[in-house]
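The next block holds one structure in the form of structure tokens; read it before the comments.
Residue numbers (the numbering used here): -14 to 142.
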């Protein structure tokens, strides 16, 4: 990718989310920023996940994922989702199994549980389009965005 394109992409603003998923007894959480609402009726959300991510395989097998909206005050909270050990990511956090079986983190602005409706592979990431089957709002505050977060994800994993 051209250097000027990378600089330009660094100026685009995205939300920062925590995506959780599972398959059987395996669970994982990861940071996701390429997320968007794609339909109102039915309510569909899209998350782009690189195929080499551990969560990618879990989503493919379980057919579901959950998205969590952290607040600006929770930027330190995200560090736990960068590590390689899936068990440590959710350790000591208040979470429960949701309607789909996905881990739902209690302490966030909002959460959405999705069942995968369709997938697309237009480039090097898989777009998982999920229909929202459960959602909730939690603590108040302002959502965390790429403006508040160190680093810009340019699609390399």
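All C-beta atoms, glycine included, are put in the ideal place defined by N, C-alpha and C.
Exercise for the section: With DSSP collapsed to three states, give me the class of residue 82. Expected result: DSSP places residue 82 in strand when its eight states are reduced to three.
Problem - Through-space distance from residue 33 to residue 107, alpha-carbon basis - result: Those two C-alpha atoms are separated by around 10 Å.
Practice task
Decide yes or no for the touch test of the segment 104 to 123 against the segment 25 to 39: beta carbon pairs closer than 8 Å, at least 3 of them.
Solution key: A contact exists between the segment 104 to 123 and the segment 25 to 39.
Handout entry: Option in -10, 3, -5 with minimal Cα separation from residue 129
Key = Selected option, being the one with the closest Cα: 3.
Handout entry: Among -9, 0, -5, 7, nearest to residue 71 - alpha-carbon criterion
Key = Ranking -9, 0, -5, 7 by Cα distance to residue 71 puts 7 first.
Practice task
Would you kindly check if the distance between the Cβ of residue 79 and the Cβ of residue 91 is under 7 Å?
Solution key: Result yes, Cβ atoms of residue 91 and residue 79 sit closer than 7 Å.
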